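Below: the structure, in structure tokens.
Chains as they are written, first to last, in my numbering: chain F, 1 to 384; chain L, 1001 to 1384; chain S, 2001 to 2384; chain Z, 3001 to 3384.
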């Protein structure tokens, strides 16, 4: 048994099996992947990594396994899934997620091909089938709900952790209460009535963290810049499967070592000379259905807008976020022993699910000196 | 200058004027009035007092006065109002509020007749007219909004403070941000757009604290018991204006020193042998308009129910809370330099204002051994 | 199982047995005894009670019992001792401790005669012999070290809790680490080498809390006033064994209901019109051995000083604290599997034990207007 | 005015001048330098940067300037020095400090040659002479004591910040009180008597953080490995003045891009396959004077030990820390208006200064499989 100090949860206990998994290169790499990508442009304290988040998820999963009285043989599978659930992330976490999905055809939860080598060897010591772990991480089996469902250990940890390191007040969740009030009913993870408020608090936290942290325009600008520069690397030969295994500093080193666009972007990031918003529109200012379709052809629209504004490619970035959803609304709660969806029971939750859309914002970003002309061009394409 | 350590805000600075007011008997008495009345039956840490809350309110008012650049001559008036705003509370704060209003015809904010004697002497040193202070506490003048309005220093302090001492996670408000984002527009205190989320967080906090703390059924039962025992004292001769000046321990000593009902209630409270819920109904289970009218004739209905259940008066308590309102929804926010109400701007706030009603609960309380029969009787009167 | 929210430890779990003990009048009375007596004159937040401290001690004892793998049959005895260890305290905790010891001949740890009635009934349900509990609370049996020894659950809880409610930064102890590093060796509770720093941190905390909180002169003045007023009650007929069962508000009510000295003191306390220091001397300014002997004849010296100063009895108070000791220095630590005393191993601990004496201060207190003349008189008696 | 959220201090206010300095490449580079070098091998949360520490130092300096009522024209100089005081650090902060000093002949506080270009331009806007800033950072002028002296804003910030991100409890300092109690006397920064305990708490914090964090053997092993690998780079041509301008990721990228020793070390670090302690000795086990002299010839001794153990160069690392000193003992305190050194006044401080030596430890590190034979060799060289 080893004990690791975590500023969020206090002491985290690690047994030999967990230590074995932690010592693999795939998990060690997470030490060098920032949890919040480029949010430290806005929140200077947000330098925490996927590694500590993975330890924190293990810690909460341990609490859940105790509360739920899960059998010993299944525990290690769930604990392994908790530790490994993020090894599919590329450098800078969500910042490279979109392009990795596009070029590899795989989501970061789809880690079957990474659970090999040393990881498989450690799993073997407990006679665990690697394919079980992949399924748990995808949330496909009942116990997978502890890791990947509407109210799971993953999001409990990241909300509290992101709040701790950004300093934002809104991440306060009564996760201890929430965990105490969980149980399985017909293979579904449910919250008992006594946990209703704790569940609501988790949704509220997500709701408030979205515009303040996760969708802060400065982070999104940084991410759009990084994503475009990385795409340029891929188009000039970088294997997306190599990219996926890089850490934050390897990607930055690669960008800096090029010439042209990627290097310019890397230098701007190093200097925090970020692009600015030429236009920034809520969903009521656009024809939302039409605009969401632009997501699939954003390169084409960017090129056109750049050409019209007299700028080279890569200097007009179009950022159209996905339709925002609060999946937690669909989590299950027991009211007088009857299973309901949280959004059936809680007027507040229904309201949050609706209000979430208010936070959706589309942006077009360009270097400061070109804002005026890009705004004019972008307006034609986007304003309804 | 003296410095006082406050666990919530750190150090609170007190100048000679503030110290003068603090040394008056009216403010010193607040040391002996618990902020949350009987909530320590549920939350053992909730023993904080109106005194420390008054210091905390002064501290936040000082921050507001700095942010708003208020003139020196007006500052001391507002600061005095912050320190004195709670001197009108009776023992156990809200637990005796209802009967004091009924028997004295005065609300606890109406403190004009208390700003005399030593307090008036201290105000005199700064040439302050006592009537100005009364008006500020009632929220009647523009600067009164800092103490008594939809988003004031009073509620910022108590939400954070109540959360600190109960241990409930939900009191986290970004009050520093909220204060930084406030200004006066045409004599109205408004929040700038950058403070929208901080304002929302205050409402969310109130929304979650309500059922968890302020309306917890165990506190309400304790308060109903105390309120009825105190009413019995008044009806056997206690002057309500003497009651109003008592502290918590004087009221308890008086109850214990009687015979009959008040003493029995005091003993039950000392032993935590509280009444239990015979019935507990949400607003959908009752004819709400009819039931709210019962508030004015609760003694009569209680007597009838007791008689039908074969119990002496005072052992069937009817607790009908007021219509719940979240006044904060009407606070003002500047959106693109235009003044709006918060509930116009924020879908979340509208939802909270609506959902608040879900927390309304009516209760009938009686000693444990009489629950069954009282339930039967109460059902006839209350269930629709 | 019931769960109680504690602001210090989070959730505290209570089983039926613990709830049974909590519901006894002896434990419920602790709700009305302030943990820090009159420290709220200095720290307005210090209104916490012996009740919540007893729950916190139970919580830490539960952690210790798990770490130490204690047998089931012994667990409930230790848990009962944790909950009951403070029922021997009089009103205002340490403020009445001295006179209670003098007039009843008993220390507050000596609770054998209180473990009767309802408490004995609850113990009976688990076939526990009440005399076992008394011994545990006195620290007489090996497991008693968890409650009453140099490094026990009692002081871990109160240091952290007193820091939380006063707001003083110095109570931060890594008690989780300390508990993890404890074991029994030959019936002695020892700390393993890995817990050395955590043990040092506990001593440092005590060392810093002493002058800042526990021996703050304003609290000591209040306590001297209360103690003398209470002694006057005893000398005019109050049974010390009745006094011992009072709560804070009963004692205050009794003082206020008298005439003469006790009432004057009660009024001064309600108004915070405290006596002031006429003289305040460190150990180097006095003949320490001679002065410590004065402890046994303080009434006589006080009378003489009052007479010389032309004041009535009770208006010159002599406060000579005991020799300060940091017992924790004698706690045991395992260094390379060899048992040592903490002060043998840690130069820091030796230094703290020595330096503690620097915090010893003797005071003579009197109403503000008499300071000058009392100082002159006191100087003759005390300065070397 | 811009406001930045800092998890440690809350909101930090930045005016145009501060923002101008922050936007320079020298300060932006600090975003990419971890404050605690390789401590995240031990404390996974310790990923905070010199950038946020610099903002925090500015924040505390602002508080100090207010308390001390410093003139406007001097304020901006001190504020600039606070923001710039760490720009002289190389990658991984203290990990490369030793070799940078050896190869460049300059300490990290000696930043005169870096205050040029954009920084000088920003200073020019306020007519500030760059050489004034250099002197302040070196602590050479009276106001330099706010940045670089025994009790300065720099160490107040880093102790609290390092505690926050490691999760170690020991960094709790009452810095607000300490700052409130500071003043200038004859150009010396002194603490008034009321700040004695706050000053002691800072020393205690340093004392406890040393073995727990700053000198944790795993960090020291990592640092020894990194330092030797970097030295190998210098000896094969890397310009130390280029090294000094690198950030953490550039140094790692450079190490990984080589062949041989530096690359092997980089891979070991990426995989957390660190060397282990072959020997680890306190000062009583060695001839301390002789051993401290080894610091100047460690390369030679390492080579000899490696040869004797049959290992290639770079695989036996000798780590001899400097004589530990707690400079804070020499800070000044006013006792009854007389200036004293803290260690004259406080027995505790004297004890800490002495006890600090107990934490001194010398280590010899080597890959795990060579520990036994290296231990044998090292013993001959080092054990007395």
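Where is the CB? At the ideal position from N, CA and C, for every residue including glycine.
As the structure is a prediction and not an experimental result, all values here were calculated from the model.
Asked                                                                                                                              : Found
Residue 3131 of chain Z classed as buried or exposed, judged by whether at least 16 other C-beta atoms fall within 10 angstroms    : exposed
Opposing strand residues paired with residue 2366 of chain S [DSSP bridges]                                                        : S/2276
Best match in F/117, F/43, F/149 for proximity to residue 3007 of chain Z [C-alpha to C-alpha]                                     : F/43
Where the alpha helix (DSSP H) through residue 2314 of chain S begins and ends                                                     : Looking at the DSSP string, residue 2314 of chain S is not in any alpha helix (DSSP H), and its letter there is neither H nor E.
Cβ-based contacts, 7 Å cut-off: residues of the region 184 to 207 of chain F near chain Z                                          : none
With 16 other Cβ atoms within 10 Å as the buried cut-off, status of residue 1187 of chain L                                        : exposed
Proximity of residue 3333 of chain Z and residue 3153 of chain Z at Cβ, strictly below 8 Å                                         : no
Contacts of residue 1169 of chain L in chain F (Cβ-Cβ under 8 Å)                                                                   : 172, 173, 174, 201
Minimum length 4: unbroken alpha helix (DSSP H) runs contained in the region 157 to 183 of chain F                                 : 175 to 180
Spatial distance of residue 2328 of chain S from residue 3350 of chain Z (CA atoms)                                                : 21 Å
Cutoff 6 Å; reference residue 1314 of chain L; Cβ partners in own chain excluding five residues on either side                     : 1228, 1261
7 Å Cβ cut-off: residues of chain S touching residue 3355 of chain Z                                                               : 2347, 2348, 2351
Three-state class that DSSP yields for residue 1188 of chain L in the structure shown                                              : strand
Continuous beta strand (DSSP E) stretch holding residue 117 of chain F: start and end                                              : First-last for residue 117 of chain F: 117 to 125, but that is the alpha helix (DSSP H), not the beta strand (DSSP E).
Residue 2335 of chain S - DSSP class collapsed to helix/strand/coil                                                                : strand
Neighbouring residues, chain L, relative to residue 3011 of chain Z (Cβ below 9 Å)                                                 : 1176, 1177, 1180
Residues near residue 1287 of chain L by beta carbon distance below 7 Å, same chain, minus five either side                        : 1384
Neighbouring residues, chain B, relative to residue 2007 of chain S (Cβ below 8 Å)                                                 : In the structure shown, chain B does not exist; the protein chains are F, L, S and Z.
Same chain, Cβ closer than 7 Å to residue 2231 of chain S, neighbours up to 5 away in sequence not counted                         : 2099
Nearest candidate by alpha-carbon position, reference residue 113 of chain F, set F/23, F/122, F/87, F/101                         : F/87
Neighbour flag for residue 144 of chain F against chain Z, beta carbons, 8 Å                                                       : no
Min CB distance residue 3215 of chain Z to chain F below 8 Å                                                                       : no
Residue environment, residue 1001 of chain L, which counts as buried when at least 16 other CB atoms sit within 10 Å               : exposed
Best match in F/183, F/52, F/95, F/148 for proximity to residue 321 of chain F [C-alpha to C-alpha]                                : F/95
Within chain S, the residues that residue 3358 of chain Z reaches when beta carbons sit closer than 9 Å                            : 2346, 2347, 2348
For residue 106 of chain F, three-class secondary structure by DSSP                                                                : coil
Residues bridged to residue 1003 of chain L (per DSSP)                                                                             : L/1013
Inter-stretch contact at 8 Å, needing at least 3 Cβ pairs: the region 2241 to 2260 of chain S / the region 2337 to 2351 of chain S : no
Per-residue burial, residue 1372 of chain L [other beta carbons within 10 Å of its own, 16 or more giving buried]                  : exposed
Status (buried if at least 16 other CB within 10 Å, exposed otherwise) for residue 2297 of chain S                                 : exposed
Segment limits, alpha helix (DSSP H) that includes residue 3289 of chain Z                                                         : 3288 to 3293
Counted within 10 angstroms of its Cβ, other Cβ atoms place residue 1337 of chain L as buried (16 or more) or exposed              : exposed
CB contact flag (residue 3169 of chain Z, residue 3079 of chain Z, <8 Å)                                                           : no
Rounded straight-line distance, which links the Cα of residue 2274 of chain S to that of residue 2226 of chain S                   : 11 Å
Residues sharing a beta bridge with residue 319 of chain F, DSSP                                                                   : F/363
Residues sharing a beta bridge with residue 3034 of chain Z, DSSP                                                                  : Z/3049
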